[in-house]
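Input: a single structure, listed below in structure tokens.
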Amino acid sequence: MNLLAYDQTKYIYRDIRRPTFAGSTGEYHPNTVVRITLGQKQVNADYNPVDGKYTWTLDEDLPDGVYNLSIFVIDAAGNVGPATLRTLVIDTTPPEAPELINLKDDVGTKTGSFDPGQLTDDAKPTLTGVAQPNTVVYLRDAAGNNIGSAKTDAVTGKWVIEPNNDLQQGENVLTLVAIEEFGKDANDAPIYREGKVSDSFIINVGMADFVTIVDALDDAGKWSGVLNNGALTDDTTPTLRGQANEGATVIVYYRKAGESTWAGSATATVNGQNWSWTPSPALAAGQYEFQAATPKVSSALFNLDIFAAGSGDQQTKITEVWDDFGTSIGKLNSGDFTDDMSPRFTGRAESNSRVVIQYTLNGSQNSVTVDVGHDGKWSWTPSVDLLAGDWNFQVKSEGAADWNDSFDLHIYPSPSVPTTITQVFDDVGVPGPVSNNGTTDDSTPTLSGRSEAGRFVLIYDGNTLLGSTQTSSNGDWSFTPAALGDGHHNFWAVQRDYSGVSNKWQIEIDTSGLGPDKPSITGLFEHQASGAYDKFVNGGIIDDGSVKVEGTGRALSVINIYDGTTLIGSTTA
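Residue numbering for the sequence shown follows the working numbering, starting at -12 and increasing by one per position.
Listed below in structure tokens is the structure:
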């Protein structure tokens, strides 16, 4: 006997507090009773024996919740049929309206959060908010069309939406709504329920006020083309180009770099969102700063270095050489040692030109030509490792007669054991090690260190070769120089083939005894009858022959105390 048309349904979902239950026994059964049990409540449904249909409506409100429901038939003889069991879910509360917490613009030069109604140039801004957990939040336009959606977090209810397509220019009136899955129908398909719609809000899409200097154009001399910020050019009338809001009036200001006031200004020619300006009269040679402005906003500074006509070849320079190999990396100076067999060279030259780099080892010359960028910078790294040796590098502008800049490097691979200075020892006066950047009164301090076993090590003081020594079988070496003069000394060591340059060890030699640790008297104290000592000022008079002298000096050194030229005592610091 089929009691319910939806007999396969496990759950019955209702969004009203007094639902009606209806069904059919499917057969004609006079004197039949259809009994419904809902929780602790039991009732007989209204039953029509002619067609077998029954119906019952609750006579009191049910709170939201889950209830057990059973339906069974009792025939005229009192026989009770099998019960049909269901779970009734009462949920009368649709999701609350989603809450919009933040609008974010991540397009253009001005980005970040903005309030509804404010102008934004981001046609697909990011919306963030909270809503009922496990719902789907929809973003709708003024016509009610869904234009974006996101599922809320199951715990926090947070959601993030970006419109599916660009919002239209101007004001966009939008709303938010959350939709929950309310249950399943007789075919086990989801039932969805829409919550409350949020208050409308406006996203105003438009072009924010802006003005920029994009680049400049060099159309003078041998090398021409686009000039980027910082470019080096011989064009004294470069054409600056940029963008601004359509219809805006653009004023271009210029001055020598470092000056606080603008030397001049002029109105640019505007075509749509593009503008351009060419100085008139021509600018003198020098480094210039340019800035474009509209009545509301100003651009960032744009820099050009304009050199005098005919002096372009003299502008070609090596500005930096970089070691990025091994344990010691960083900027190299001309004359340095390096274990980077392919150091990176960068430099400066006329923008859009070409630079020739010549590199020479033992009289053997090689050269390469590199392009200079729109910003006046060039870069070159040898494509293969250079041979070990003492190299000279020179640069010039392509076509120039003379080389313009020179750079020397001692390029040698690192040995298996690095050359190091581990100690400088003072054996004059109070003996002991001298720390790096320390002071000593020993004019012949002993240097010691490590390198490869059996190799000769050269010891330098700055650029002066002090001498050499051979390492022991375990790689230790020691060297004592001839007497050195007072002052600053910068020691370093290298193997005789100039591989494995050591760390540097700097000291001050002061043999005058007047260095930072020279003895000094800090106080004189007179002995009193009570046994105490009272301090008195320099030049004072005492009536007791017993005086205590206090002072400072080098640790562990012997301090001699004199009265005039007469030694009257000594102590150890």
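Where a beta carbon is used, it is the ideal one built from N, C-alpha and C, also for glycine.
Quick caveat: nothing in here was measured; it's all calculated off a predicted structure.
query: Status (buried if at least 16 other CB within 10 Å, exposed otherwise) for V545; result: exposed
query: Beta-bridge pairing of L56 - partner residues as DSSP gives them; result: L25, R73
query: Candidates T122, G68, D389, of which the one nearest E168 by Cα; result: T122
query: Beta-carbon gap between T256 and W262 smaller than 8 Å; result: yes
query: Buried or exposed (CB count within 10 angstroms, at least 16 for buried), A587; result: Coverage of the chain is limited to positions -12 through 560, which leaves residue 587 absent and any answer about it impossible.
query: Euclidean distance between Cα positions of S533 and T559; result: 20 Å
query: V147 vs P85 beta-carbon contact at 8 Å; result: no
query: Segment limits, beta strand (DSSP E) that includes W146; result: 145 to 148
query: Unbroken beta strand (DSSP E) run spanning V117, endpoints; result: 113 to 117
query: The segment 418 to 428 contacting the segment 453 to 469, beta-carbon criterion three pairs below 8 Å; result: no
query: C-beta contact flag for S267 and T224 at 8 Å; result: yes
query: Beta-carbon contacts of M(-12) that lie in its chain and below 8 Å, excluding the five residues immediately before and after; result: Caution is warranted here: a pLDDT of 30 is assigned to M(-12), below 50, making its placement in the model unreliable, and no coordinate value can be reported.
query: D292 versus T539 - alpha carbon distance; result: 58 Å
query: Cβ contact check for the segment 105 to 114 and the segment 181 to 199: 3 or more pairs under 8 Å; result: yes
query: Beta carbon of R5 nearer than 8 Å to that of L45; result: yes
query: C-alpha gap between N215 and A207, whole angstroms; result: 16 Å
query: Span separating the alpha-carbon of T80 from that of L154; result: 33 Å
query: Contact the segment 236 to 252 vs the segment 371 to 381: 3+ CB pairs below 8 Å; result: no
query: Reference H475; option with closest CA among T467, P468, I496, S465; result: I496
query: When D221, D311, T220, V201 are compared against W264, the one with the closest alpha-carbon; result: V201
query: Cβ-based neighbour list, F466, same chain, cut-off 6 Å, excluding 5 preceding and 5 following; result: L434, I446, T456
query: Sub-8 Å separation of F294 and D221 beta-carbons; result: yes
query: Straight-line gap, W561 to R335 (C-alpha atoms, nearest Å); result: Nothing about residue 561 can be reported from this structure: the residues present for the chain run from -12 to 560 only.
query: Start-end ranges of the beta strand (DSSP E) lying completely within the segment 329 to 388, minimum 3 residues; result: 331 to 335, 341 to 348, 351 to 358, 364 to 367, 376 to 384
query: Length of the line joining the Cα atoms of P120 and Y(-2); result: 22 Å
query: Contained beta strand (DSSP E) runs [length at least 3] in the segment 199 to 284, N- to C-terminal order; result: 212 to 214, 218 to 220, 226 to 231, 238 to 243, 251 to 254, 256 to 258, 261 to 264, 273 to 280
query: Reference R73, options V481, V94, F8, closest by Cα; result: F8
query: Closest Cα partner of V481 within the set P400, G551, F512; result: P400
query: Three-state secondary structure (DSSP) of Q410; result: strand
query: For S465, the first and last residue of its enclosing beta strand (DSSP E); result: 463 to 466
query: Buried versus exposed, by CB contacts within 10 Å (16 or more), N349; result: exposed
query: Where Q301 sits in the DSSP three-state scheme; result: helix
query: Simplified DSSP state of Y0, which is helix, strand or coil; result: strand
query: Separation of V53 from R1, as counted between CA atoms; result: 10 Å
query: Buried or exposed (CB count within 10 angstroms, at least 16 for buried), S185; result: buried
query: Rounded straight-line distance, which links the Cα of N339 to that of W464; result: 53 Å
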